[in-house]
């Protein structure tokens, strides 16, 4: 019973410390709400639509005009300019008025009527991945459509018509099924990862500020009840972690459960699986932050470290750059951070509808981290004491 | 000029004696770490050999051949051949594969009897980059398979090769990826992201430095030299140092890593220096309008991280809601990205990016405004008495 009493005491003290610190409250409860809303608003449109492109039609034929009309009809592109020559189009591209140029050479139509292979030149703006992806996918869709139409005409000329021509045009047709995010939107891809990162980083920031302030004010010891100073470290750590965990229950519920539903992000996972997965994630994160933040000497250092790691952790998580293509060193390093497993697990359960069995590795790693960082945070509490005595 | 030198000497002395150099060294190391991290992380340029699978319900010569041909593509590698859809889906959910091709039973028979078997191509769109790339490879192979069948049929009908090519490929798309022919992912991300990190560090360091002055009550001592010389004197060492780092960073990106740079290197260097100065000025302005040192650091952190999103290098600004598009102008990184992508990709000269130069210069004015505000604040505060930290913890 004594143990429970001690934990309760530390819990109450820590809770009071959090509630009295304006900065921490701001980060725990305001930043965690504002950030998802900001990102939700920025990426609201999900897709890149109606990219402006220019067309240089040297062929000026029926066939090229049909191609251009089809380009204009795609959702990705909008033919804004009809240029006389490449120089003019180049200038527009340089002024960033357009994101792509389609050039129909003078012999486009002639080659088509001679039953040869005609050529369309495409110049892509490579300043953003999404420009390139949009222009290229629209171009290849139009191309496939146009190919079928022309093939049909040509087959009829060599005597293949009707059903057999249809069969010959696409002898092995394929359907494509884009799983988990049918539109391939940017929001459904990035925001789930960001949501988990926000939880991870705000916890880091908040705990960093609490620890840093305590260090600045030289009160590390004062916040621990005197009877626990010698060998009650695990109880102190558990009591504090409990305070953060319970404070974060509503935050996690809003950010990871409510926000995906509010912003219509993919959310096909089972809620029980998600909750079961998030428990070790939260514990691992809290103990991880308590370990690392023991080394934070000032409030502001915590903030700078946190910001620095946000971008790095996002890339390490494998949500943007595939994990299997990372150099082994970085991949191994990424296993140290709860955010990596948290992001992977959350995307798989929430976006891809995986069960807990599907994230077994991440789940086990998070429990392992929980144990590891619990021990280290107990040790680091001692470190903090010694530092103070120096 | 004299006051500027006094202010500069004061700053150098502070840097030397008060342990502030520690932060300078830490931020510089952080920056070096970022360069090493991102350049080694995305070493491949474009993800290669992404793991995919085949669901082979046919088990015929044709399906095995398709599998071999897919495996021969650079972009993907077949890690497993499953016999059921469920097994493949579960592998996808375990993230062992990014895409799979389902070959239904009787495909080979259908091809021979000309009754159009249907392949199904599943790709994981929860991972935008890897899903899109593996999908593209599979789609290409499926199209080629159709082409191969067409060619065989037309040959049997007695057409010659050149006639066949005209029939099965009437149009070809000749794609030119301007200044990034391999669709390397690094130049997209790194040419803006790494200078962005530089800007972020400069921002946070400057806010911190002004915060220290305020906390120690030395604001009026610093600003005694007059707003402009004081500002210049305090910032000059950092401007020099971070500009140097930034230009070295540019050298690494455009020289050592060989990212395309069609325009002038000096123009890029100019923009890097302007970015550093604009971030410093913004930092001074931020710390002037938010007098609480901790709060201004928090705010700078939020502003600094949003700059990555709002610069538009990942998600185009033009696709954001219109209300936010104008908002992107208050981020120096946005102007940097607009100018440098133009210089590096299209070889534009100064004439086409003077507007961005003007915008970045305008940020410098905010620094001056910030210093004037600080001067006023310093005048109202007694200089000898250190300001009390408003967020001291009441504890037990």
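Protein chains in written order, with this note's numbering: chain F, 807 to 1196; chain G, 52 to 447. Even glycine gets a Cβ: it sits at the ideal position worked out from N, Cα and C.
Less than 7 Å between the beta carbons of residue i and residue j, yes or no?
i: residue 1200 (chain F); j: residue 1002 (chain F); result: Residue numbering for chain F in the displayed model covers 807 to 1196; residue 1200 (chain F) lies beyond these limits and cannot be assessed.
i: residue 249 (chain G); j: residue 297 (chain G); result: yes
i: residue 1154 (chain F); j: residue 144 (chain G); result: yes
i: residue 1159 (chain F); j: residue 1074 (chain F); result: yes
i: residue 973 (chain F); j: residue 167 (chain G); result: yes
i: residue 1116 (chain F); j: residue 1007 (chain F); result: yes
i: residue 927 (chain F); j: residue 109 (chain G); result: no
i: residue 1095 (chain F); j: residue 1009 (chain F); result: yes
i: residue 1091 (chain F); j: residue 1144 (chain F); result: yes
i: residue 255 (chain G); j: residue 264 (chain G); result: no
i: residue 448 (chain G); j: residue 130 (chain G); result: With chain G running from 52 to 447 in the structure shown, residue 448 (chain G) is simply not present.
i: residue 421 (chain G); j: residue 336 (chain G); result: yes
i: residue 978 (chain F); j: residue 196 (chain G); result: yes
i: residue 1051 (chain F); j: residue 1162 (chain F); result: no
Between residue i and chain F, is the shortest Cβ-Cβ distance under 7 Å, so that the two count as touching?
i: residue 345 (chain G); result: yes
i: residue 119 (chain G); result: no
i: residue 318 (chain G); result: no
i: residue 370 (chain G); result: yes
i: residue 111 (chain G); result: no
i: residue 75 (chain G); result: no
i: residue 232 (chain G); result: no
i: residue 151 (chain G); result: no
i: residue 204 (chain G); result: yes
i: residue 81 (chain G); result: yes
i: residue 200 (chain G); result: yes
i: residue 246 (chain G); result: no
Starting from residue i, find everything on chain G with Cβ-Cβ shorter than 8 Å and list it in chain order.
i: residue 957 (chain F); result: 218, 219, 221
i: residue 1125 (chain F); result: 178
Does the beta carbon of residue i sit closer than 7 Å to a beta carbon anywhere in chain G?
i: residue 815 (chain F); result: no
i: residue 811 (chain F); result: no
i: residue 1169 (chain F); result: no
i: residue 1128 (chain F); result: yes
i: residue 903 (chain F); result: no
i: residue 1027 (chain F); result: Confidence in residue 1027 (chain F) is poor, its pLDDT being 49 and thus under 50, which makes the residue's placement unreliable; the coordinate value appears in the next sentence. By this cut-off, residue 1027 (chain F) is not an interface position.
i: residue 982 (chain F); result: yes
i: residue 1194 (chain F); result: Below a pLDDT of 50, predicted positions are generally treated as unreliable, and residue 1194 (chain F), at 48, falls in that range; the measurement from the model is reported next regardless. Not an interface residue.
i: residue 921 (chain F); result: yes
i: residue 1200 (chain F); result: This structure cannot settle anything about residue 1200 (chain F), because the visible part of chain F is limited to 807 through 1196.
i: residue 924 (chain F); result: yes
i: residue 851 (chain F); result: yes
Quick one: which chain G residues come within Cβ less than 9 Å of residue i?
i: residue 868 (chain F); result: Within 9 Å Cβ-Cβ: nothing; residue 868 (chain F) doesn't reach chain G, min ~14 Å.
i: residue 1150 (chain F); result: 146
i: residue 1173 (chain F); result: Under the 9 Å cutoff, chain G gives no residues; its nearest Cβ is about 18 Å from residue 1173 (chain F).
How is residue i classed by DSSP in three states: helix, strand or coil?
i: residue 348 (chain G); result: helix
i: residue 124 (chain G); result: coil
i: residue 354 (chain G); result: helix
i: residue 1116 (chain F); result: helix
i: residue 400 (chain G); result: coil
i: residue 1121 (chain F); result: helix
i: residue 890 (chain F); result: coil
i: residue 207 (chain G); result: helix
i: residue 1127 (chain F); result: coil
i: residue 174 (chain G); result: strand
i: residue 105 (chain G); result: strand
i: residue 850 (chain F); result: coil
i: residue 1142 (chain F); result: coil
i: residue 920 (chain F); result: coil
i: residue 332 (chain G); result: helix
Who are the neighbours of residue i on chain F, taking C-beta pairs under 7 Å?
i: residue 95 (chain G); result: 1131
i: residue 397 (chain G); result: 899, 900
So is the beta-carbon of residue i under 6 Å away from any non-hydrogen atom of the ligand GDP?
i: residue 850 (chain F); result: For the structure depicted, the ligand GDP is absent and the ligand set is empty, with no information on it obtainable.
For residue i, which residues in chain F fall below 8 Å Cβ to Cβ?
i: residue 172 (chain G); result: 980, 981, 982, 983
Along chain F, which residues have their Cβ under 9 Å away from the Cβ of residue i?
i: residue 339 (chain G); result: Chain F residues near residue 339 (chain G): none, gap ~17 Å exceeds 9 Å.
Below 8 Å on C-beta distance, what does residue i contact in chain C?
i: residue 143 (chain G); result: Given the protein chain composition of this structure (F and G), no chain C is represented.
If you pair each beta-carbon of the region 899-911 of chain F with each one of the region 855-866 of chain F, do three or more pairs fall below 8 Å? Judged by Cβ distances under 8 Å, the region 899-911 of chain F makes contact with the region 855-866 of chain F, as three or more pairs qualify.
Does the region 227-236 of chain G come into contact with the region 91-103 of chain G, if we say contact requires no fewer than three beta-carbon pairs (one atom in each stretch) closer than 8 Å? Yes, the region 227-236 of chain G is in contact with the region 91-103 of chain G.
Counting beta carbon pairs with one atom in the region 177-191 of chain G and one in the region 881-891 of chain F, are three or more of them shorter than 8 Å? Inter-segment contact for the region 881-891 of chain F and the region 177-191 of chain G is absent: fewer than three beta-carbon pairs are separated by less than 8 Å.
Is the region 318-338 of chain G close to the region 276-296 of chain G, with three or more CB pairs under 8 Å? They touch, by the three-pair rule.
Just checking, does the region 145-154 of chain G make contact with the region 98-105 of chain G on the three C-beta pairs under 8 Å criterion? Counting C-beta pairs closer than 8 Å gives three or more between the region 145-154 of chain G and the region 98-105 of chain G, which meets the contact rule.
For the region 975-984 of chain F against the region 1121-1131 of chain F, do three or more pairs of beta-carbon atoms, one drawn from each stretch, fall closer than 8 Å, so that the two count as touching? Verdict: no, contact absent.
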